[in-house]
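Heads up, the thing below is written out as C-alpha cells.
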Amino acid sequence: MNALIAVSHDNLEYGETGEPKLELGHVLIRVAGCGICGTDMHVYKGMASTWPTPGIRGHEFAGTVQACAEDVEGFAPGDRVVVQPLLFCGVCRSCVAGRRNLCSDINLIGGEKPGGFAEYAAIPASNLFRIPDTLPLSHAALVEPLATAVHALERNWSPEMESMVIFGAGAQGLMLLQVALFLGIKRVAVTDVVESRLELALELGATRAIHSMKEDALAAALEMNGGAEVDLTVDAAGITSTRQQALACLRPGGTAIFLALGAAPTPVDFMGVVGKELKLTGTQCYTERDFAKAIQYLAHGCVSAEKLISEVPLSEGAQAFRRLAADPGRMIKVVLVP
Ligand SMILES: [Zn+2]
Ligand SMILES: [Zn+2]
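When we follow my numbering, the leftmost residue of the sequence shown carries the number 1, and every step to the right adds one.
What follows is the structure in C-alpha cells.
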C-alpha cells in the first residue's frame, strides 16, 4: 500500500510500504481521509515525543471496513467507521475511575502506533465507532478533534452561562464556537490574528470577531458583553498573552478552560484568581462518551464540517505539512485523502 511515512520527525515521504498485518481482535480499514492535527504539526516542528521513526502518523481518520480478524464480532466489510485513536491501559487509577483520557499509560494510533496517513490501517475493533448514514465519510475525520471540543465544554459548561470568549480561531476554536452556540451560550467572541479565520467565525455565528493585533481584545470582549466581564473563556491558542487574557476578562466566579498546548511559561495574576474566585481548568482529549457525542453533533449538523475541511491528496502530504508549518493561517483542517 501507499503511505506517508515519517522518515524522521520533519521528513515525510510518500511511498510504498507493507500492508498492515491483521492480528486477532483487529479490523482492516480502508482509510477515506485523515486530518492533520496541531499535535502532528508540533511533533513535525520538533516537539519531543515517543512517536517512532520511521512511522505512520495521523490519528483523525475514518474509513470503510475491508476485512475483520476471525474473532471480531459486530463489524463486517463495507461498514463505515471512525477510529477512536487513544489506546488506554484500562487498569490505572484514571481508567478505573472512568477518566480514560487521563490514563497514565496512554498510546496513540497515529503516534506510538501506525495511523491513518495510509491507504489501510489495522485497528483494534474496540477502537471503532460506526457512523450514521447522514454523516459523509469525508466529514468524519472531524469527529476526533470535535470530541476534544465537546469534552472541554461539556465538563465546564452550565446552563446559566451566557457569554464566552474563545482565544484562537483554528479548528478547535471554530468547533468550540459551534458547540457553545448549540449549548445555548448567547454571546460568543472569537479572537485571532488571521482575517480569513475571523470571517469564518462570524459566518459560523460568532457574536464578535476580534483581531487581537488590531484591537484591544479585552476591551472588545467587554464591549460585546454590554460592558460586563464574561462567564467562560477558552484558550485555544496556547500563548502567554491569550492565557493571561482568558483570565483577565472573566467575571467573578467565571471559568477559564486551557485547551491548547504551548510550552511558554505564563505569569498568572493570582490576586485576581483568589479575589474573584476564578476557576482554572485544563482539558485533555476526550472519553469514549465524548467521542460518541461528537459523531451525533456532526451527523445532526449541529457542527458544520464543510467550512472547516480542505481535502489534499495523501500523495501531496509532505507539501501540505510544509505549507502548514510556513503559513498555519491559510487552512483550518487539512484532510489527507489516499
Ligand atoms: Zn489530535
Ligand atoms: Zn490507564
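Beta carbons: idealized from backbone N, C-alpha and C, even for Gly.
For clarity, every value in this text was computed on a predicted model and none was experimentally measured.
Handout entry: Length at least 4, wholly inside the segment 204–258: the alpha helix (DSSP H) runs in chain order
Key = Runs of the alpha helix (DSSP H) lying entirely within the segment 204–258 and spanning at least 4 residues, in chain order: 217–224 and 240–248.
Practice task
Count the CB pairs spanning the segment 117–129 and the segment 88–105 that are closer than 8 Å, and state whether there are at least three.
Solution key: At 8 Å Cβ cutoff, the stretches do not touch.
Exercise for the section: For Thr-240, collect the residues of the same chain with a Cβ closer than 7 Å to its Cβ; drop the 5 residues on either side in sequence, then sort them by chain order. Expected result: Locating residue 240 in the sequence shown gives position 240, counting from the first residue. Short of 7 Å from the beta carbon of Thr-240, and not among the five residues preceding or following it, lie these beta carbons of its own chain, in chain order: Ala-264 and Thr-266.
Handout entry: Segment contact flag, the segment 108–118 with the segment 58–75, C-beta cutoff 8 Å, min 3 pairs
Key = With the cut-off at 8 Å, the segment 108–118 and the segment 58–75 touch.
Practice task
May I ask you to check if the CB of Ser-126 is nearer than 7 Å to at least one heavy atom of ligand 2?
Solution key: Along the sequence shown, read from residue 1 onward, the residue named residue 126 stands at position 126. No.
Problem - Residues near Ala-220 by beta carbon distance below 6 Å, same chain, minus five either side - result: Here residue 220 refers to the residue found at position 220 when the sequence shown is read from its first residue. Contacts found: Ile-210.
Practice task
Could you tell me whether the segment 163–177 touches the segment 240–255, where touching means 3 or more Cβ pairs closer than 8 Å?
Solution key: With a cut-off of 8 Å, the segment 240–255 and the segment 163–177 count as touching, because enough Cβ pairs lie within range.
Handout entry: Candidates Tyr-286, Arg-100 and Val-303, of which the one nearest Phe-182 by Cα
Key = As a working note, residue 182 is residue 182 in the sequence shown. Of Tyr-286, Arg-100 and Val-303, the smallest CA-CA separation from Phe-182 is found for Val-303.
Exercise for the section: Look at Lys-307 and Glu-203 and say whether their C-beta atoms are less than 8 Å apart. Expected result: As a position in the sequence shown, residue 307 is number 307, starting the count at 1. As a position in the sequence shown, residue 203 is number 203, starting the count at 1. With respect to Glu-203, Lys-307 sits close: the two C-beta atoms are nearer than 8 Å.
Practice task
With a 10 Å radius around its C-beta and 16 neighbouring C-beta atoms as the bar for buried, classify Met-224 as buried or exposed.
Solution key: Within the sequence shown, residue 224 is the residue found at index 224, counting from 1. Counting every other CB atom within 10 Å of its CB across the protein chains shown gives Met-224 a total of 16 or more, marking it as buried.
Problem - Where Leu-336 falls: helix, strand or coil (DSSP) - result: To locate residue 336, count along the sequence shown from 1; it is residue 336. In the structure shown, Leu-336 sits in a strand (DSSP, three-state: E or B).
Problem - C-alpha distance - Phe-321 paired with Ala-171, whole-angstrom precision - result: For the purposes of this step, residue 321 is identified with residue 321 of the sequence shown, where counting begins at 1. For the purposes of this step, residue 171 is identified with residue 171 of the sequence shown, where counting begins at 1. Going by C-alpha positions, Phe-321 is about 16 Å away from Ala-171.
Exercise for the section: Rank Met-1, Ala-32, Gly-33 and Ile-29 by C-alpha distance to the C-alpha of Pro-18 and give the top, closest one. Expected result: As a working note, residue 18 is residue 18 in the sequence shown. First, the amino acid is wrong: residue 18 is Gly here, not Pro. Gly-18 has its Cα closest to that of Met-1, out of Met-1, Ala-32, Gly-33 and Ile-29.
Practice task
Could you tell me whether the Cβ atoms of Thr-287 and His-151 are closer together than 8 Å?
Solution key: As a position in the sequence shown, residue 287 is number 287, starting the count at 1. As a position in the sequence shown, residue 151 is number 151, starting the count at 1. In this structure, His-151 lies closer than 8 Å to Thr-287 by Cβ.
Handout entry: Opening and closing residue of the beta strand (DSSP E) in which Ile-345 lies
Key = Lying outside 1 to 338, the shown extent of the chain, residue 345 is not represented and no answer is given.
Practice task
Within its chain, find whatever has a CB closer than 8 Å to the CB of Gly-15; leave out the 5 residues flanking it on each side and keep chain order.
Solution key: Here the question's residue 15 lines up with position 15 in the sequence shown. Contacts found: Asn-2, Ala-3 and Ile-5.
Problem - Sequence-ordered residues whose beta carbon comes within less than 7 Å of a heavy atom of ligand 2 - result: Per the Cβ criterion, the list is Phe-88, Cys-89, Gly-90, Val-91, Cys-92, Ser-94, Cys-95, Arg-100, Cys-103, Ser-104, Asp-105 and Ile-106.
Practice task
Return yes when the C-beta of Pro-52 is under 7 Å from any heavy atom of ligand 1, and no when it is not.
Solution key: Here residue 52 refers to the residue found at position 52 when the sequence shown is read from its first residue. Flag unset: Cβ of Pro-52 not near ligand 1.
Exercise for the section: Please determine, among His-42, Thr-39 and Ala-67, the residue with the shortest C-alpha to C-alpha distance to Glu-23. Expected result: Reading the sequence shown from its first residue, position 23 is the one you call residue 23. When C-alpha distances from Glu-23 are compared across His-42, Thr-39 and Ala-67, the shortest belongs to Ala-67.
Handout entry: Same chain only: Cβ atoms within 6 Å of Ala-299, ignoring 5 sequence neighbours per side
Key = The residue you call residue 299 lines up with position 299 of the sequence shown. Once the five neighbours on either side are set aside, the close Cβ partners of Ala-299 are Pro-132, Thr-134 and Leu-135.
Practice task
Would you kindly check if the distance between the Cβ of Asp-231 and the Cβ of Ser-163 is under 8 Å?
Solution key: On the sequence shown, residue 163 is found 163 positions in, with the first residue counted as 1. On the sequence shown, residue 231 is found 231 positions in, with the first residue counted as 1. Going by beta carbons, Ser-163 and Asp-231 fall inside the 8 Å limit.
Exercise for the section: Going by CA-CA distance only, name the one from Val-43, Gly-110 and Val-96 that's closest to Glu-144. Expected result: Residue 144 sits at position 144 when you count from the first residue of the sequence shown. Each of Val-43, Gly-110 and Val-96 was checked against the Cα of Glu-144, and the nearest Cα belongs to Gly-110.
Problem - Contact test: Pro-145 Cβ vs ligand 1 heavy atom, cutoff 7 Å - result: Walking along the sequence shown from the start, residue 145 turns up at place 145. At least one heavy atom of ligand 1 lies less than 7 Å from the C-beta of Pro-145.
Practice task
Indicate, with yes or no, if ligand 4 has a heavy atom lying under 7 Å from the CB of Cys-34.
Solution key: Ligands present in the displayed structure are limited to ligand 1 and ligand 2, and ligand 4 is not among them.
Practice task
Buried or exposed for Ala-201, please, with buried defined as at least 16 other CB atoms from any protein chain shown within 10 angstroms of its CB.
Solution key: Translated into positions along the sequence shown, residue 201 becomes position 201. Counting C-beta atoms within 10 angstroms of its own C-beta, Ala-201 has 16 or more neighbours from the protein chains shown and is therefore classed as buried.
Handout entry: Where Gly-98 falls, given that 16 or more other Cβ within 10 Å makes a residue buried
Key = Reading the sequence shown from its first residue, position 98 is the one you call residue 98. Exposed.
Handout entry: Any non-hydrogen atom of ligand 1 within 7 Å of Glu-60 CB
Key = Reading the sequence shown from its first residue, position 60 is the one you call residue 60. At least one heavy atom of ligand 1 lies less than 7 Å from the C-beta of Glu-60.
Problem - Outcome for Ala-326 when other beta-carbon atoms lying within 10 angstroms are tallied against a minimum of 16 - result: Walking along the sequence shown from the start, residue 326 turns up at place 326. Label assigned to Ala-326: exposed.
Handout entry: Thr-287 Cβ short of 7 Å to ligand 1 heavy atom set
Key = Reading the sequence shown from its first residue, position 287 is the one you call residue 287. Thr-287: no, Cβ never under 7 Å from ligand 1.
Practice task
For my contact list, Val-82 and Phe-129 are in at a C-beta cut-off of 8 Å; report their separation, rounded to the angstrom.
Solution key: As a first step, residue 82 is located in the sequence shown; it is residue number 82 there, counting from the start. As a first step, residue 129 is located in the sequence shown; it is residue number 129 there, counting from the start. In this structure, Val-82 and Phe-129 form a Cβ contact; the two beta carbons are roughly 5 Å apart against a cut-off of 8 Å.
Problem - Residues whose Cβ lies closer than 5 Å to any heavy atom of ligand 1, in chain order - result: Contact residues of ligand 1 (beta-carbon closer than 5 Å to any heavy atom; chain order) are Cys-37 and Thr-39.
Exercise for the section: Select from Cys-34, Asp-10 and Pro-77 the residue whose C-alpha is nearest the C-alpha of Lys-45. Expected result: One-based indexing of the sequence shown puts residue 45 at position 45. Looking from the CA of Lys-45, the closest CA among Cys-34, Asp-10 and Pro-77 belongs to Asp-10.
Handout entry: Whole runs of the alpha helix (DSSP H) within the segment 60–101, excluding any shorter than 4 residues
Key = Counting whole runs of 4 or more residues, the segment 60–101 contains the alpha helix (DSSP H) stretches 93–96.
Exercise for the section: Compute the Euclidean distance between the alpha carbons of Leu-142 and Ser-196, then round it to the nearest angstrom. Expected result: Mapped onto the sequence shown, residue 142 falls at position 142. Mapped onto the sequence shown, residue 196 falls at position 196. Cα to Cα, the separation comes out at about 20 Å.
Handout entry: Rounded separation between Asn-101 and Val-268 - CA only
Key = For the purposes of this step, residue 101 is taken as residue 101 along the sequence shown, with counting starting at 1. For the purposes of this step, residue 268 is taken as residue 268 along the sequence shown, with counting starting at 1. Spanning the two alpha carbons is a distance of roughly 26 Å.
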